[in-house]
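Enquirer:
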Amino acid sequence: MSGPKEARRLPPGSLVRVRDDWPELRGKAHVRTPHYLRGRRGRVVRYLGDFKNPEELAFARPAALLPLYHVSFEQPAIWHEGDAGDELLVEVYGSWLEPA
Amino acid sequence: MAGTGLKLEQIPGERLLGAVAALLAEKGITSPAEIAQQIAATDAAAPAQGARMIAKAWTDADYRAALLADGTRAAEMLGIPMRGAPPLGVLEDTEDLHHLVVCTLCSCYPRAVLGYPPFWYKSAAYRARAVRDPRGLLAEWGTMLAPGIRLRVVDSTADYRWMVLPLRPAASEGWSEQQLASLVRETDMIGVTLPGHSAA
Amino acid sequence: MNLDAPRAHHDLGGAGKYLCQGIDRTAHALTDFDKEVDGLRQVLGAKGLMTVDELRRGIEAIPEADYHRLSYYQRWIRSIASILLEKGVITEAELAAALERTP
Numbered sequence: 000m001s002g003p004k005e006a007r008r009l010p011p012g013s014l015v016r017v018r019d020d021w022p023e024l025r026g027k028a029h030v031r032t033p034h035y036l037r038g039r040r041g042r043v044v045r046y047l048g049d050f051k052n053p054e055e056l057a058f059a060r061p062a063a064l065l066p067l068y069h070v071s072f073e074q075p076a077i078w079h080e081g082d083a084g085d086e087l088l089v090e091v092y093g094s095w096l097e098p099a
Numbered sequence: 000m001a002g003t004g005l006k007l008e009q010i011p012g013e014r015l016l017g018a019v020a021a022l023l024a025e026k027g028i029t030s031p032a033e034i035a036q037q038i039a040a041t042d043a044a045a046p047a048q049g050a051r052m053i054a055k056a057w058t059d060a061d062y063r064a065a066l067l068a069d070g071t072r073a074a075e076m077l078g079i080p081m082r083g084a085p086p087l088g089v090l091e092d093t094e095d096l097h098h099l100v101v102c103t104l105c106s107c108y109p110r111a112v113l114g115y116p117p118f119w120y121k122s123a124a125y126r127a128r129a130v131r132d133p134r135g136l137l138a139e140w141g142t143m144l145a146p147g148i149r150l151r152v153v154d155s156t157a158d159y160r161w162m163v164l165p166l167r168p169a170a171s172e173g174w175s176e177q178q179l180a181s182l183v184r185e186t187d188m189i190g191v192t193l194p195g196h197s198a199a
Numbered sequence: 000m001n002l003d004a005p006r007a008h009h010d011l012g013g014a015g016k017y018l019c020q021g022i023d024r025t026a027h028a029l030t031d032f033d034k035e036v037d038g039l040r041q042v043l044g045a046k047g048l049m050t051v052d053e054l055r056r057g058i059e060a061i062p063e064a065d066y067h068r069l070s071y072y073q074r075w076i077r078s079i080a081s082i083l084l085e086k087g088v089i090t091e092a093e094l095a096a097a098l099e100r101t102p
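Residue numbers (numbering that gives the first Met the number 0), protein chains in the order written: chain A, 0 to 99; chain B, 0 to 199; chain C, 0 to 102.
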């Protein structure tokens, strides 16, 4: 099954950056991208499926389907402490990712 | 809270629950029986269910592959009800990689398989430390990873719920599936302990 | 540098004030209150009256001091009541009257 949606999907190994955006500073928001990831670079491990945007569901608004990815981040790089080789693996919606 | 001046923050939780439940029952929206039935269903889930899945994966290569490919389906294969539950993801520990599960934003947990999350999993200290000081956190349980083992902390932020498929302890050679299941603890499936190692 | 950027108070990953806090590993059995709140939430979810996303959003809206003072399920019932009122499933007047009748 192939089409525009599948073509836009980020392949495993893609280098990505989490948008350095802070919707919660602009008013009521429900964000499932943790603060510690904003602006960080990571690597797509795999596509997990399409799911409705929780930022809209939280306010009972119509919610678009978004691709969800498992993205890996080097743990020491985020905190400036920690063990080399340790990583954080986090579900991130495609709307929060841009190519690095 | 705009309006008549009803201040939710001044109402003790127990009283608020009583009033809300009574009101919803009066309006025919929910009933005490439905809630009791739901509680019974949730109570039926427990770590022993997950332990059976782990033990089977340790002894049956086909089941292991099925578990890693689709945790929800693998749970259902063992008769664990998963209808309406979020998708279950299973994280495979290897000789040089160990997983730890957390939900820093709230308390997401594979409840359909393991039951209610433990108190500590929902605590601010666990949620804060797991992504930043995971090895210090494991030390709270007396868990020390051997040199060279990498740690992958999985933050459950979205639609999946995650559990760990840990390594089978070396000393368990020849054990039956039932014996293996009896040694797998809730803490092993979250990743704060390793099967076969006593917690502190 | 995003570690300095303000984080919402529920967004606890790496939060400095908890890094030195030990973990209470004792078993805390769920009370009848806890289970009732949990059960109520699931029933409301199954009936399409309240999603887990709304529950979370309601919890996140609890002011910081209350968020940390309230127990886990006390946060839940506060959120459930708030969301049901917001959506008009129940009204303030109805809830006020029900509270009058509830000890």
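All C-beta atoms, glycine included, are put in the ideal place defined by N, C-alpha and C.
Classify B/P146 as helix, strand or coil using the three-state DSSP reduction.
Expert: Coil at B/P146, not helix or strand.
Enquirer: Could you tell me which residues DSSP puts in a beta bridge with B/W161?
Expert: B/G88, per the DSSP bridge assignment.
Enquirer: Span of the beta strand (DSSP E) holding A/F50?
Expert: Counting along the chain, the beta strand (DSSP E) containing A/F50 begins and ends at R40 to K51.
Enquirer: Would you please verify whether the beta carbon of A/E86 is less than 7 Å from any beta carbon of chain C?
Expert: Chain C contact via Cβ: absent.
Enquirer: Nearest-angstrom Cα distance between B/R131 and C/G13?
Expert: Distance between the alpha carbons of B/R131 and C/G13: 5 Å.
Enquirer: Would you say A/E23 reaches chain C, if we count a Cβ-Cβ gap shorter than 7 Å as a contact?
Expert: Yes, because at least one Cβ of chain C sits closer than 7 Å to the Cβ of A/E23.
Enquirer: Rounded to whole angstroms, what's the CA-CA distance from A/Y92 to C/A96? Just pull it up for me.
Expert: The straight-line gap from Cα to Cα measures roughly 43 Å.
Enquirer: With a cut-off of 8 Å on the beta carbons, I'd call C/L54 and C/S78 a contact; round off their distance for me.
Expert: C/L54 to C/S78, Cβ: 5 Å. Contact.
Enquirer: Thinking just about the alpha-carbon of each residue, which of B/L164, B/G70 and B/A54 is nearest to the one in B/L99?
Expert: Residue B/L164 is the option with its Cα nearest to B/L99.
Enquirer: DSSP beta-bridge partners for B/R151?
Expert: Paired residue(s): A/E86 and B/H98.
Enquirer: Using C-beta distances below 7 Å, list every residue in its chain close to A/L64, excluding the 5 sequence neighbours before and after it, in chain order.
Expert: For A/L64, where only same-chain residues beyond five positions count, the Cβ hits under 7 Å are D49, F50 and K51.
Enquirer: Given that A/A33 touches chain B, what residues does it touch there, using C-beta distances under 9 Å?
Expert: For the record, residue 33 of chain A in the displayed sequence is Pro; it is not Ala. Correct list: T103, L104, V130, D154 and T156.
Enquirer: Report yes or no: is there a C-beta of chain B within less than 7 Å of the C-beta of A/V17?
Expert: No, A/V17 does not count as interfacial toward chain B.
Enquirer: Short check: CB of A/V17 to CB of A/R37, under 7 Å?
Expert: Cβ atoms of A/V17 and A/R37: closer than 7 Å.
Enquirer: Can you find at least 3 beta carbon pairs, one from the stretch 21-34 of chain B and one from the stretch 143-161 of chain B, that sit closer than 8 Å?
Expert: Segments in contact, no.
Enquirer: Drop a sphere of 10 angstroms on the beta-carbon of A/P33, count the other beta-carbons inside from all chains shown, and report buried for 16 or more, exposed for fewer.
Expert: By the neighbour-count rule (16 or more Cβ atoms within 10 Å), A/P33 is buried.
Enquirer: Can you give the Cα-Cα distance for B/E91 and A/E86, rounded to whole angstroms?
Expert: Rounded to the nearest angstrom, the two C-alpha atoms are 15 Å apart.
Enquirer: Within 7 Å (strictly less), CB to CB, does B/G17 reach chain C?
Expert: Judged by the 7 Å Cβ criterion, B/G17 is in contact with chain C.
Enquirer: Once DSSP output is grouped into helix, strand and coil, what is the label at B/F118?
Expert: Helix.
Enquirer: Counting C-beta neighbours from all protein chains within 10 Å, is the total for B/S122 16 or more, i.e. buried, or is it exposed?
Expert: Flag for B/S122 reads buried.
Enquirer: Can you look up C/V51 in the DSSP assignment and give me helix, strand or coil?
Expert: Note: C/V51 maps to helix in three-state DSSP.
Enquirer: Quick check: the Cα distance between C/L83 and B/M143, rounded to an integer number of angstroms?
Expert: Whole-angstrom Cα-Cα distance: 46 Å.
Enquirer: What is the DSSP secondary structure of B/T93, reduced to helix, strand or coil?
Expert: Three-state result, B/T93: strand.
Enquirer: Go ahead and pull the three-state DSSP assignment for C/H105.
Expert: There is no way to answer for residue 105 of chain C, as the model of chain C reaches only from 0 to 102.
Enquirer: Look at C/R74 and C/I61 and say whether their C-beta atoms are less than 7 Å apart.
Expert: For C/R74 and C/I61, yes; Cβs fall inside 7 Å.
Enquirer: Taking B/Y115 as the query, report the chain C residues whose CB atoms sit under 7 Å from its CB, ordered along the chain.
Expert: What B/Y115 touches in chain C: L29.
Enquirer: Please identify, using Cβ separations under 8 Å, the residues of the stretch 44-59 of chain C that lie next to chain B, in order along the chain.
Expert: If the cut-off is 8 Å between Cβ atoms, the stretch 44-59 of chain C has A45, K46, L48, R55 and I58 near chain B.
Enquirer: Would you mind working out which of B/H196, B/Q177, B/S175 and B/P146 sits nearest B/L166, comparing C-alpha positions?
Expert: Selected option, being the one with the closest Cα: B/H196.
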